[in-house]
Each structure stands twice: as structure tokens, then as C-alpha cells.
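Note sheet for the following structure.
There are 4 protein chains.
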Amino acid sequence: MINGGNADFKDDVRRAAFLRGKGISFLDVGTSGGVWGLERGYCLMIGGEKTAFQRTEPLFKTLAPNASSAKPTPGRRKGSGGAEEGYLYCGPSGAGHFVKMIHNGIEYGLMQAYAEGFDILKSASSPQLPPEHRYELEVGEIAELWRRGSVVGSWLLDLLAIALAEDPALASYQGYVDDSGEGRWTILAAVEEAVPADVLSASVYARFRSRQEHTFAEKILSAMRRQSGGHQERPSGR
Amino acid sequence: MINGGNADFKDDVRRAAFLRGKGISFLDVGTSGGVWGLERGYCLMIGGEKTAFQRTEPLFKTLAPNASSAKPTPGRRKGSGGAEEGYLYCGPSGAGHFVKMIHNGIEYGLMQAYAEGFDILKSASSPQLPPEHRYELEVGEIAELWRRGSVVGSWLLDLLAIALAEDPALASYQGYVDDSGEGRWTILAAVEEAVPADVLSASVYARFRSRQEHTFAEKILSAMRRQSGGHQERPSGR
Amino acid sequence: MINGGNADFKDDVRRAAFLRGKGISFLDVGTSGGVWGLERGYCLMIGGEKTAFQRTEPLFKTLAPNASSAKPTPGRRKGSGGAEEGYLYCGPSGAGHFVKMIHNGIEYGLMQAYAEGFDILKSASSPQLPPEHRYELEVGEIAELWRRGSVVGSWLLDLLAIALAEDPALASYQGYVDDSGEGRWTILAAVEEAVPADVLSASVYARFRSRQEHTFAEKILSAMRRQSGGHQERPSGR
Amino acid sequence: MINGGNADFKDDVRRAAFLRGKGISFLDVGTSGGVWGLERGYCLMIGGEKTAFQRTEPLFKTLAPNASSAKPTPGRRKGSGGAEEGYLYCGPSGAGHFVKMIHNGIEYGLMQAYAEGFDILKSASSPQLPPEHRYELEVGEIAELWRRGSVVGSWLLDLLAIALAEDPALASYQGYVDDSGEGRWTILAAVEEAVPADVLSASVYARFRSRQEHTFAEKILSAMRRQSGGHQERPSGR
Numbered sequence: 001m002i003n004g005g006n007a008d009f010k011d012d013v014r015r016a017a018f019l020r021g022k023g024i025s026f027l028d029v030g031t032s033g034g035v036w037g038l039e040r041g042y043c044l045m046i047g048g049e050k051t052a053f054q055r056t057e058p059l060f061k062t063l064a065p066n067a068s069s070a071k072p073t074p075g076r077r078k079g080s081g082g083a084e085e086g087y088l089y090c091g092p093s094g095a096g097h098f099v100k101m102i103h104n105g106i107e108y109g110l111m112q113a114y115a116e117g118f119d120i121l122k123s124a125s126s127p128q129l130p131p132e133h134r135y136e137l138e139v140g141e142i143a144e145l146w147r148r149g150s151v152v153g154s155w156l157l158d159l160l161a162i163a164l165a166e167d168p169a170l171a172s173y174q175g176y177v178d179d180s181g182e183g184r185w186t187i188l189a190a191v192e193e194a195v196p197a198d199v200l201s202a203s204v205y206a207r208f209r210s211r212q213e214h215t216f217a218e219k220i221l222s223a224m225r226r227q228s229g230g231h232q233e234r235p236s237g238r
Numbered sequence: 239m240i241n242g243g244n245a246d247f248k249d250d251v252r253r254a255a256f257l258r259g260k261g262i263s264f265l266d267v268g269t270s271g272g273v274w275g276l277e278r279g280y281c282l283m284i285g286g287e288k289t290a291f292q293r294t295e296p297l298f299k300t301l302a303p304n305a306s307s308a309k310p311t312p313g314r315r316k317g318s319g320g321a322e323e324g325y326l327y328c329g330p331s332g333a334g335h336f337v338k339m340i341h342n343g344i345e346y347g348l349m350q351a352y353a354e355g356f357d358i359l360k361s362a363s364s365p366q367l368p369p370e371h372r373y374e375l376e377v378g379e380i381a382e383l384w385r386r387g388s389v390v391g392s393w394l395l396d397l398l399a400i401a402l403a404e405d406p407a408l409a410s411y412q413g414y415v416d417d418s419g420e421g422r423w424t425i426l427a428a429v430e431e432a433v434p435a436d437v438l439s440a441s442v443y444a445r446f447r448s449r450q451e452h453t454f455a456e457k458i459l460s461a462m463r464r465q466s467g468g469h470q471e472r473p474s475g476r
Numbered sequence: 477m478i479n480g481g482n483a484d485f486k487d488d489v490r491r492a493a494f495l496r497g498k499g500i501s502f503l504d505v506g507t508s509g510g511v512w513g514l515e516r517g518y519c520l521m522i523g524g525e526k527t528a529f530q531r532t533e534p535l536f537k538t539l540a541p542n543a544s545s546a547k548p549t550p551g552r553r554k555g556s557g558g559a560e561e562g563y564l565y566c567g568p569s570g571a572g573h574f575v576k577m578i579h580n581g582i583e584y585g586l587m588q589a590y591a592e593g594f595d596i597l598k599s600a601s602s603p604q605l606p607p608e609h610r611y612e613l614e615v616g617e618i619a620e621l622w623r624r625g626s627v628v629g630s631w632l633l634d635l636l637a638i639a640l641a642e643d644p645a646l647a648s649y650q651g652y653v654d655d656s657g658e659g660r661w662t663i664l665a666a667v668e669e670a671v672p673a674d675v676l677s678a679s680v681y682a683r684f685r686s687r688q689e690h691t692f693a694e695k696i697l698s699a700m701r702r703q704s705g706g707h708q709e710r711p712s713g714r
Numbered sequence: 715m716i717n718g719g720n721a722d723f724k725d726d727v728r729r730a731a732f733l734r735g736k737g738i739s740f741l742d743v744g745t746s747g748g749v750w751g752l753e754r755g756y757c758l759m760i761g762g763e764k765t766a767f768q769r770t771e772p773l774f775k776t777l778a779p780n781a782s783s784a785k786p787t788p789g790r791r792k793g794s795g796g797a798e799e800g801y802l803y804c805g806p807s808g809a810g811h812f813v814k815m816i817h818n819g820i821e822y823g824l825m826q827a828y829a830e831g832f833d834i835l836k837s838a839s840s841p842q843l844p845p846e847h848r849y850e851l852e853v854g855e856i857a858e859l860w861r862r863g864s865v866v867g868s869w870l871l872d873l874l875a876i877a878l879a880e881d882p883a884l885a886s887y888q889g890y891v892d893d894s895g896e897g898r899w900t901i902l903a904a905v906e907e908a909v910p911a912d913v914l915s916a917s918v919y920a921r922f923r924s925r926q927e928h929t930f931a932e933k934i935l936s937a938m939r940r941q942s943g944g945h946q947e948r949p950s951g952r
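Same order as they appear, the protein sequences are chains A, B, C and D.
Letter by letter, the first sequence follows residues 1 to 238 in this note's numbering.
Letter by letter, the second sequence follows residues 239 to 476 in this note's numbering.
Letter by letter, the third sequence follows residues 477 to 714 in this note's numbering.
Letter by letter, the fourth sequence follows residues 715 to 952 in this note's numbering.
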């Protein structure tokens, strides 16, 4: 049995043990590529018993993009695991979805880094700024530019360039940003391992915040400010 | 000349030099106590030429709360600077407002810590949670309780208890939270000194966020999500 | 049966159900006051069946600090739960330790806010700064001062003033900072409730970081920097 | 006069005004591409008087990578600014370096997102974890895998794959991570514009932290912990 969707890796561990008791092999397979996967290829992160992987390896080799889908990494000796061809046996049960989970956690962080940067670019026209330090920047042109030779080039930037080409002010978006479980689980994994994960956590929290009109936390702040300094709330705006 | 309001300490340095050239002494004095200062006392953080401070010290001694306003610190030998009486000569020009600036930066951090904690308490009733882990907590009672012997007792908590006694759901607050310059300047000081200031910065950013309906950053996220995964925005809600 | 230590509230829920099946009532009681509790009093956060609480309430009333341990909150009508006397029935099983958990999460945030602020004060003498914006601040005096009438006064600040009176440079401390489970669990609770908790999370992560010489994350950064820009690592220092 | 290095955009504004008074045109040009620029091409972000840009445009067109250096963006109509060819007139004086500054701020965020994610992957072997949730992951293989079709593919990931192919444990790196001015200036710009920049700030702070053995902040935490709870510091380790 192969679970090729997203799942909590701890469920995989439990399910694999359960199925093993019934004589059924279980592989957990994380897939990355999004809706573009069919056209662009998608890579596979595989966990479970090694023998089960070996039996099914031809399947993954067939599905995965092949080695020519990316330039060779200079200085790299070919590994045994299939990474160059776009699939990888990661380890025992849960390892595939664990790696996929972190992949998604990183994705959240990358997206948030671009998001904050483009917000600062856009807000450079703010009337709060002195006129000589104020700029009206064409953020769609900048995204397009950075696709050429820059250090921040990435597939996510390619997507952002498409979105900004279609709708340069992003007026068709509200900014309610959902999150799937993987981003949250990444935080839990970091906490369990005692690894500082400021950026990955802040990325998930920004999405939580985006889905509320105002948090109770903000009302607490308003209440303390009124009590301590007699500050009345401003109606709105920056 | 005494500037007893809030000011950027760099302006003090400039102004003191300018006034020195005109034979005028300048002291920068930060004051903390809020609108309760008259009743409760307020402390004074003083910067400028030491001789100017010495000439005016009787003034500060008169204004400051006296030593009995707080219990003596166990093990402390009386200092020379007046700290026990509620005023302190902090150093040359700008030092008073520099210390006041950091005071306000810390205040933002303390407020945000309470705010997040009370939000988690309040949101413990979320229908997202399994029923057996869901609680309807009376946050006003909790604030009142923590005023008695707990580790998180503080004057800000006393204020929060007042606000929650008046309006337990904080329904009269919107949650648009202003910030004064000191919180922002604290970030700049941290950056100039290369001191990590994750909490103080996040506290200021939470206020920036509170004053916008949606950030451009969030629209960027929505746009990238639609491009990569075909995710449509949910209309609203958590 | 009363669990008056710290525990994961989910364990309480499980244990209470188990004990209920055996005809035993179970209360989960969080206690805050630290090693000073005996002298200063300590408050109690109680979860479990209401009838079990009511049977044992005289116990809590006896242990708790009484109403005179804090000034009355202006405008507050006496509640029914005992909060004014230093104990509170918070709700069904787990509620006591849930509230205690958030209490500790807030404590971490408060401590980190002070810690960052005092670091910026201390580092104001950094040779990176222009001489006219450089200050040698006596942080122990500042802590003592802020105990008098300031907005940032708290019990934790009182403790910090003691520590700085004993050892103004904190030379006897290394800075390896442990964390108990409650701070971590607070993050998990925030994630489960979808509440942004940037400050509380950053406070826990700062402790994780403090216990390592260098993180693997930092080596990743060094490696990427060398590849992208030919940057060699500096041996050390800011 | 063309400044093709990195500079604070506010200096450009000042210098351009000064030079204008002397009849000299000044362009500020940010360049991105790192040490790989010669081989891979590099893009140019240009600020200054439009007429000065137009006079020198052939120069930029020659230096920039051309349109074939990236696949066309679906749905995009060719812009007038040169973005498709790898150079862009961004606006008046300072605009070029402003855009370059944000570019670097984003770069820091992207790098930190990968760094945290790979740290969580590496630390999945932590003995703190229950054995069945513990994995020995080959992070170099994972980096190589993700170069093929994954959502987190990027040029920085390509570089990381090279570094990990050379030295899978990154044993030759210490983890002292420098920062150039642009990351810091990005924070200042965010603060001036009142844009929340949690991720970009945390990325810079992680570098500040990496260059110290222990912060004063951490000693403050140790000191408060000993005072409040009698906690002694553990000697080291996680």
C-alpha cells in the first residue's frame, strides 16, 4: 500500500506497524510539484521498509522526472538513492512524509520572504516617507527582472512573475491565506527536536493572522494602552 | 533646558551640542509612569552633562517617587545615582532618552507576551479543537488570579485586570494598535548594535499589522498559492 | 487525587477519565510562585469536576494567598471563583494545567522582553557605534530605577534587580538556558488553535539556541554564502 | 557617474543631488549574481535621472543577460523597461539600490528558510525523540532531490546541493555568519514604512546571534531563572 498524498508522518509509523501485522507493506510517499507537476515533473520522497521500496522502485523511476530535469551538481558523485532522477528512499516508515513536511515548511518560509520583500517594495510609495525617499516601484517588472541571473531566482519567483503579469496590483486577491497541516507540523517537529525555527514559525503565524479581522491579542493591546496611557484607538489606517 | 518628553536620543545629542555652543545646558529626561504617574509616582532617566545634572538634582529628587515606593532589593548596597529614589543620571547627552526608548521597547514586548497568552486562553474554546481539549476560560478571572503571588505579576497585568473587569470580552475595543516612535527606534538601536531582538521587533510588527485590513504580503502569498497549487482563497474565518 | 505539579493538560484529561472509571476524582492544579512561594504566597489554577473542586475548596482557600495580597482592582465586582483570594476553578479536567501552561508561556515572553532590552542597554557601549552615540550604562541601576513607578515594573524585574545587585556584569552566568515543557506546549496550543504567537515562540527558540555552540542552520548559511559570494567565514566576534 | 556596488540608497539621493549641482549625472546600479555572475549572467537594478539612464542604456543592455536567460513568463506582455533582458530602470535616484537592498533582504530570508528546514531534517536523529520517530536523513541527497520538479527549487538550493556534495556534514564550516549592510537596511526600511517584516528581521538576527558565544540576553535569562525558580544552569548540550 502506498500513501502518495500528504499525511502526518506519525500516522504513517502507526499505520505501517498495523499493516505489517497483517502482512501488508506500506510506503509513505511525499510528492512535490503542485499543479504543474504533470508538465514540469515532480519529485518523490519515500519512506518505509527498504525491501518494499526496492520492489516498487521501477514505479518511482518511471514517475519521477529524470536526471536531465536539472543541470548536474558540480563536484557531485552519483548517489545510490535516485536523487538525481527525482525520487529518494529517505528511510523507515514516516521518513518520506517527514521530508515532505519539512519541504512544505521551507516553502512557507520562502513564500513569506518574498511576500515581505515585495510588501516593502510596494510600500516604498508610503506618504509617511520623506518625498525624496519615496518610490513608485513596478513590482511585476522587478519580479521579472530577478528571474535573470539574480541570487533570489526560484520556481516560486517564476510563479509570482506570472501572477504579477496577470494582475500587477494583485487586486483580485484578498489576502486570506490558508495553511495545510505540513507547515504546522513543521513547527511541532522543530519544538520536539529543540531546533530554533523563527522564520518557519513566523511564516505560519502570518497566515493565521491573515484569516482574522482582528485578533484578541490586539484588543488586549488596545485595552492595556488605554489603561496605561489614556491612548484612544485611532479609527484605522497605518 | 530640560526635555522631559519623548525624543530620539540622537536629536538630544545634536541639540545639546548646539545649545552648548550658546552657553545653554541641556538635559534629556525620560519619564515613565503613564497617566497614573501623578497618583503612583513616576521615575526619571536623565542624560546630559554631569554638572548640569548635579545643579538640578534637587528638582528630580522632589519629583521622583521616594525610596519607600518599592520594597528594598535584598542584598543591594545603596547606589550613588538616586535609583532607589526613582531618578537616575544615566550618562552624557542622549543617555536619558536612550534608556527611556529601551524601556518602551521592553514595554511593547511585555504587552505582546500577555496579549498572545490571553489570546491562546480565549481561543481555547475554538471549534477546531477536539471537544475534550476545549475550554471556556474566564480570562478576566485569570488576570485577577495572577495578580496574587504568581510569577507573571506586573503593573501591566494590574491594568489588564482593570480593563477585563470593565469589559470581559473587550468588545469595546477594535484592536487597531498605534505605536509611538520608541518601539521603532528600539529596533534601529538593536540593528546598529547587532543585538538579536526577535521579541521586541515582533511586538512592533504586530502593531503594524493590526492597523491594516490586509497586507500586500498576504496578497502575494495568495497569488503564489493559486499559481503553485491551484488553491482558491477561502472567503474568511480561521 | 490532586496533581499539583506541572503536567501536560492532555495527560490530565486522559488520567481523569481513567480514574473516573475507578470512582476516583482527579483535580489538576497549577501553582505559580516559584521558590518564593512560601514567603510571598502562590496562586492556584484548578481543573476537574466542579463537585470535586467544591469538596476541596477549603484546602485551596487555606493554601492560597488571601485578598489582601494585592490591591483591589478598581471597578471590579467580586467574582465567585476565588480569584481575589488567589485560587481559581478554571473548568473541567485539564483546565488548571492549561492555564498554568499559558502562564509559563507568558513568563518566557516577559523574560525575553527584558533580556533583549537589557542586552541593547549593555551593548550601547559597542565600538561599532559612533562615539557620540555610545553609552556605558549601569544596567543594575536601571533595573532598580524601573522598580519605582515605571510602566515595566513587575515581580520578574524585582528578581532581575536582585541578580544585578549581586553581580552587575552577570559574570557568574554562562547563558545556557533550559526550558521546561510548558513553554513548548504553549507553542503547540497556539498552533492547534491557529493563534499567532510570534513572541512566545521566539522566546522558546532563544533558549533552544542558547544551548548550542552553533546550529546546523548556521553552517548551512555559511555554506550558501561561500558558494554564492565567495564569502569566507570570519573567525569570530560580532 | 555610475555606482555599481552596494550602497545605502539614502547616500545615493544625497550624492546625486550634490553631483547634479556640479553638472554630473549619477546612476545607482544594484547588481545581483554573486561570483557566478560572469558565467551565469547578472541582473541590473538602475536608479537616477531617466535621461541619464537612456543615454547609458546600451551599456546595460550589453552587460545584462538577455531574454533567453529565462523561459518567458506565460501571459506576460513585453514591458518597456528591459526586465526581460535583465536590466531595469527602477526610478529616481536611490531606486536602484533600494531594490537591490530588498533583493538582499529577501535573499537572507530565503537562506534562513532553507537553513531552518535542513536543521530540522538533520536533527531528526536527536536522541530526545522517541526511537520510532527518529530518522538519519541524508540531507545532501534531499537537496539534490528537491532540485527536480519540487516547489522549493531555486538557485540557492542548487548552491546548497553543491556545498553538501562536497561536505555532507558541513564539517568544514563553523557557522559564524556575517551580514552585509543590505539586510540591516531592509529592516530599517520596513520600520520606516510600517511594514511587518518578521521573517526578514529574524533572518538578520540569526546572523547576529551566530557571531556570539553567548548573548547578554541569555545571561539575563539565566539570572532570572535562578532567582525565580532556583534553577541552576546545566553545563551545556541541548
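Beta carbons: idealized from backbone N, C-alpha and C, even for Gly.
In whole angstroms, what is the alpha-carbon distance linking residue i and residue j?
| i | j | result |
| --- | --- | --- |
| D:Gly761 | D:Val743 | 6 Å |
| C:Asn641 | C:Asp634 | Note on identity: in this sequence residue 641 of chain C is Ala, with Asn being the wrong assignment. If you take the alpha carbons of C:Ala641 and C:Asp634, they lie about 11 Å apart. |
| D:Glu798 | C:Ser602 | 45 Å |
| D:Glu907 | C:Glu533 | 54 Å |
| A:Thr51 | A:Gly23 | 13 Å |
| C:Arg714 | D:Ala931 | No answer about C:Arg714 holds up, because its pLDDT of 43 lies below 50 and its placement is not dependable. |
| B:Arg278 | A:Arg209 | 37 Å |
| C:Gly705 | D:Trp750 | 8 Å |
| C:Gln708 | D:Tyr801 | 29 Å |
State the DSSP-derived secondary structure class of residue i, mapped to helix, strand or coil.
| i | result |
| --- | --- |
| B:Ser361 | helix |
| C:Met521 | strand |
| B:Gly494 | Given a span of 239 to 476 for chain B in the structure shown, any question on residue 494 of chain B remains unanswerable. |
| A:Ile142 | helix |
| B:Leu375 | coil |
| D:Gly805 | strand |
| C:Thr507 | strand |
| A:Ile2 | strand |
| C:Ser501 | coil |
| D:Ser868 | strand |
| D:Asn818 | helix |
| D:Thr787 | coil |
Mind reading off the beta-carbon distance from residue i to residue j? Whole number of angstroms is fine, and I expect it under 8 Å.
| i | j | result |
| --- | --- | --- |
| D:His811 | D:Phe723 | 4 Å |
| A:Cys43 | A:Gly34 | Rounded, the Cβ-Cβ distance is 11 Å, inconsistent with contact. |
| D:Met759 | D:Ala903 | Not a contact, Cβ separation roughly 15 Å. |
| A:Leu170 | A:Thr186 | Incorrect: roughly 26 Å between the Cβ atoms, too far for contact. |
| B:Gly355 | C:Gly581 | 6 Å |
| C:Leu697 | D:Val891 | 5 Å |
| D:Glu858 | A:Arg76 | 7 Å |
Residue i touches chain C at which residues, Cβ-Cβ below 9 Å?
| i | result |
| --- | --- |
| A:Ser201 | Ile663, Val667, Ala673, Asp674, Ser677, Ala678, Tyr681 |
List, in order along the chain, the chain B residues whose C-beta lies closer than 9 Å to that of residue i?
| i | result |
| --- | --- |
| D:Ser868 | Here the premise fails: no neighbours, minimum Cβ distance about 13 Å. |
Can you pull the chain D neighbours of residue i, defined as C-beta to C-beta under 8 Å?
| i | result |
| --- | --- |
| A:Ala217 | Correct list: empty, because the minimum Cβ distance to chain D is about 14 Å. |
List the residues of chain B whose Cβ lies closer than 8 Å to the Cβ of residue i, in chain order.
| i | result |
| --- | --- |
| D:Phe740 | Correct list: empty, because the minimum Cβ distance to chain B is about 27 Å. |
Please list, in chain order, the chain C residues whose beta carbon lies closer than 7 Å to that of residue i.
| i | result |
| --- | --- |
| A:Phe208 | Ala670, Val671, Pro672 |
Note down, in chain order, every chain D residue with its Cβ under 7 Å from the Cβ of residue i.
| i | result |
| --- | --- |
| B:Arg422 | Val905 |
Which chain B residues are close to residue i, counting only those with a beta carbon under 7 Å from its beta carbon?
| i | result |
| --- | --- |
| C:Ser626 | Ser270, Gly271, Cys281, His341 |
Contiguous alpha helix (DSSP H) assignments of at least 4 residues, all confined to the region 640-707 of chain C: Taken in chain order, the complete alpha helix (DSSP H) segments of 4 or more residues contained in the region 640-707 of chain C are 657-669, 674-686, 692-705.
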